[in-house]
Amino acid sequence: MNDDPEHQWIEKIRTSRASNEARQCLFSQLAGELQRKLSRKVLNLGGNAVIGYRLHFDLEGDTGIVARAIGTAVRLQRSSSSNSLPTPKRLAFFSLYLLYLISCKIKRRFLLLLPL
Numbered sequence: 001m002n003d004d005p006e007h008q009w010i011e012k013i014r015t016s017r018a019s020n021e022a023r024q025c026l027f028s029q030l031a032g033e034l035q036r037k038l039s040r041k042v043l044n045l046g047g048n049a050v051i052g053y054r055l056h057f058d059l060e061g062d063t064g065i066v067a068r069a070i071g072t073a074v075r076l077q078r079s080s081s082s083n084s085l086p087t088p089k090r091l092a093f094f095s096l097y098l099l100y101l102i103s104c105k106i107k108r109r110f111l112l113l114l115p116l
C-alpha cells in the first residue's frame, strides 16, 4: 500500500491538475515495478511469457493505494510441425501483490507471491 497523493496535506494548496498528475505518476511507477518483479518471477519459474496479465489498483481506506498484478507464467516453444501453432506449457498461475506501507517516516515494502 502506498500513500494516495490526493489525500496529503499539500492537496490543500496544490491544483487539482497537479494532484492528478502526482497520482498518475504513482500509478505508472507501481505498474512498472510490478511488471519488472513479475518478469523476474516468470524467468525464475522457467517461463518466457505471461498470459492473462491483469493489473489492478485498489484504494485502501482514505489514503492508501494497493497495486496488484495477476498472470499465468508459460513457456512458449516452437513445435516441430510447420502447420501447428506453438502450445504454451503452463508453469504456474500466480498472483503477485506488491504492497507499499508508509508509516510516519518509515517506508516498508512487502512482496507476497500467492499461488492460486
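Per the UniProt record's numbering, the sequence shown runs over residues 1 to 116. Just so you know, even glycine gets a beta-carbon here, dropped at the ideal spot from N, CA and C.
Query                                                                             : Result
Beta-carbon gap between R75 and G52 smaller than 8 Å                              : no
I70 versus A18: straight-line alpha-carbon distance, rounded                      : 30 Å
L55 to R78 span [Cα, whole Å]                                                     : 28 Å
Endpoints, beta strand (DSSP E) assigned at R54                                   : A49 to E60
Cβ-based burial, L30 [other Cβ within 10 Å; buried from 16]                       : buried
Opening and closing residue of the beta strand (DSSP E) in which residue 122 lies : The chain is shown only over 1 to 116; residue 122 falls outside these bounds and no answer can be derived.
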